Structure formats: structure tokens, C-alpha cells
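If you want the working numbering, it's the 1-based position in the sequence shown plus 101.
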Amino acid sequence: MKKNLNCIRALIQKFDIGDSYSRAAEMSFYLTMSIFPSLIFVICALAYVPEVNVVTTSEPIKNIIPAEAHTIVVYFIKSAVTHKSQKLLIVSAGLAVWTFSKAVNSILVAQNAYYGFEDKKNPIIAKLTSLIFAALFFIEIILCIVFLVYGSKISEFIIGLLGNVEGSNMVLGIIFTIVRYLVPILVMIVIFLGIYSFGPSKKIPYKYCLPGAVVTSLLWLLFSMLYSVYANNFFNGEIYGSISTMIVLMTWLYFCSLSVSVGYKVNALIYFSKNEEFISAC
Numbered sequence: 102m103k104k105n106l107n108c109i110r111a112l113i114q115k116f117d118i119g120d121s122y123s124r125a126a127e128m129s130f131y132l133t134m135s136i137f138p139s140l141i142f143v144i145c146a147l148a149y150v151p152e153v154n155v156v157t158t159s160e161p162i163k164n165i166i167p168a169e170a171h172t173i174v175v176y177f178i179k180s181a182v183t184h185k186s187q188k189l190l191i192v193s194a195g196l197a198v199w200t201f202s203k204a205v206n207s208i209l210v211a212q213n214a215y216y217g218f219e220d221k222k223n224p225i226i227a228k229l230t231s232l233i234f235a236a237l238f239f240i241e242i243i244l245c246i247v248f249l250v251y252g253s254k255i256s257e258f259i260i261g262l263l264g265n266v267e268g269s270n271m272v273l274g275i276i277f278t279i280v281r282y283l284v285p286i287l288v289m290i291v292i293f294l295g296i297y298s299f300g301p302s303k304k305i306p307y308k309y310c311l312p313g314a315v316v317t318s319l320l321w322l323l324f325s326m327l328y329s330v331y332a333n334n335f336f337n338g339e340i341y342g343s344i345s346t347m348i349v350l351m352t353w354l355y356f357c358s359l360s361v362s363v364g365y366k367v368n369a370l371i372y373f374s375k376n377e378e379f380i381s382a383c
């Protein structure tokens, strides 16, 4: 009984929430840095899409984002379509990939440090792993922004396009609500399961990684819903509203990063609780 209590105490002490704060700060820093090159890349890439123009590109998002943000987006799209720049496209893509891979690499390094694993991976393989997970992580964040943050506005826009058919609005609303939450959660669980299992230098069994992946996904969903409330209801056109939007965005990225740190620590605690060496040392 005493040994079990000692093990529980050791696991609680090992969680180290203070370390989670610093890891989350590092990860959110790189995610914030990746926002601008990612936006530049997307806008520059639009210029190379056949038959793209300012009207067809900007009109669908007119009712999705705030009016002030829409004006800025239209300006950049118009500039990108008028003045195509391959150099800017390549540079912005490189910066976006680099910053995202640095964010993912911070997760992989943190996991190795927490598990106590020595990083023995080949540098090239380690970099490729970071790039693959960075691409998946980028997709995940885009899904969160599209489905969770602006999902309600997008669903209203689509329902408006389809027209008012008797009884259809309620059915479509239910379908969109299910899809809005189900798709991002399933994608997040799969991606985090991969990061938590294959990220460390030693492969962690899926059964130890699933709880942390679920915890991270649910926390990410919670923080995204809170950010969605602000994005949909509290944005205003004044300068302070624009500044507060950036602050809330960075806060959202920080807490989402914190949820990633909490997730792999949950997995590690389960892993250590089954580890004979750790138990014998209690």
C-alpha cells in the first residue's frame, strides 16, 4: 500500500505543470511566427490558380470574416493577382514550413526529455519526421479555424445559398453541427496519436498514446470553442478590437499548445505506471 502511494506521489511530481507552461510558450511562439508567412503563401498561391479573380475569391468569405478583415484580405488578394511573385511564394512557403517544423520539433524534443529517451534518430530522418508532422499539424489548425471557429458562419452562408426549403434548414443545421465538431476531433486524435507514438526516439505503443491524444483533442476543442465565441460575437471595427483579436488569437495558440504538452504527459504517466524500472524505484 505504501509503495503504491509512493508511486502515485512520484507520478504527480513528475507531471511538472511548470515545465508544461514553458514548453507551450515555445511551441506557441513558433506557431504565431508561422501565421504571417502562411497567409502570404496562401494569398500568393491564389494568383496561380486558373481563372481566379478578386470577386470570385473574396465574395465567398465576405460573410465569414469581419468586414475590416475582409477589406484587408481583398487588398492583398488584388495585389497578389495583379503582381505575381514566384520569389515571394517560395520564400513564404519556406518560412511557413520552417516555423511549423520548429513548433513540431519542440514537441518531439519535449517528449524525449520527459520520457528520458536519448535522441538517437538520424538527423535527416528526424527533420523529415518534423516536416511530415508539421504538414499534418498545419492541416489540423486550418480545420480548427474553419470548422470550430468560423463553422457557424460558414454553415449559415451555405444554408443561405441552398435556399429556404421547408424543414431543410433544421436538418442541414443538425448535419453541419455534427460535422463541425466530429471531423476536427477525429482528425486531431489521429494526428496526435501519430505524434505521441512516433515522435519520441523510441516508439510508444498506441494503447499508451490514445488517452493523451483524446485529452489533447478535447482540450483543443474547448479552447477553440471559447475562441469561436469571441470571433463570432465580440469583434468590433475599432482599432482596439483588431488588437484584441490578435491577442486572443495568440492566447488561443498558447492554450492549444499547452493542451499538447498535457497530452503527452498523460501518456507518459500511463507509460511509467506500467514500467517495472520506475515502479521498483518508488
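Backbone N, C-alpha and C define an ideal beta-carbon position, used for all residues, glycine too.
The structure displayed is predicted, hence computed values, not measured ones.
Quick check on DSSP: helix, strand or coil for GLU48?
The structure shown does not extend to residue 48, since the chain is modelled only from 102 through 383, so no value can be given for it.
Other residues of its chain near SER360: CB distance less than 6 Å, five sequence neighbours each side excluded
Here residue 360 corresponds to residue number 259 of the sequence shown, with the count starting at 1. Cβ within range, chain order: THR317, LEU320, TRP321.
Since ILE226 and GLY300 are thought to touch, with beta carbons under 8 Å apart, how far apart are those beta carbons, to the nearest angstrom?
Counted from its first residue, the sequence shown places residue 226 at position 125. Counted from its first residue, the sequence shown places residue 300 at position 199. Contact doesn't hold; Cβ gap of about 12 Å is too wide.
Per-residue DSSP class, three states only, for LEU323:
As a working note, residue 323 is residue 222 in the sequence shown. Three-state DSSP puts LEU323 in a helix.
Cβ atoms of MET128 and SER469: under 8 Å apart, would you say?
The structure shown does not extend to residue 469, since the chain spans only 102 to 383, so no value can be given for it.
The alpha helix (DSSP H) spanning LYS228 covers which residue range?
Here residue 228 refers to the residue found at position 127 of the sequence shown. 224 to 244 is the extent of the alpha helix (DSSP H) around LYS228.
Reference LEU237; option with closest CA among TYR131, ILE292, SER298
The count along the sequence shown starts at 1 and reaches residue 237 at position 136. Answer by Cα proximity: ILE292.
Verify whether the separation of the beta carbon atoms of LYS303 and PHE218 is less than 8 Å.
Reading the sequence shown from its first residue, position 202 is the one you call residue 303. Reading the sequence shown from its first residue, position 117 is the one you call residue 218. It is a contact, given that the beta carbons lie within the stated cut-off.
Alpha carbon to alpha carbon, how far is SER298 from TYR307? Give it in angstroms, no decimals.
In the sequence shown, counting from the first residue as 1, residue 307 sits at position 206. In the sequence shown, counting from the first residue as 1, residue 298 sits at position 197. If I take the Cα positions, the gap works out to 6 Å.
In whole angstroms, give me the CA-to-CA distance for ALA194 and LYS375.
The count along the sequence shown starts at 1 and reaches residue 194 at position 93. The count along the sequence shown starts at 1 and reaches residue 375 at position 274. When rounded, the distance between both Cα atoms is 43 Å.
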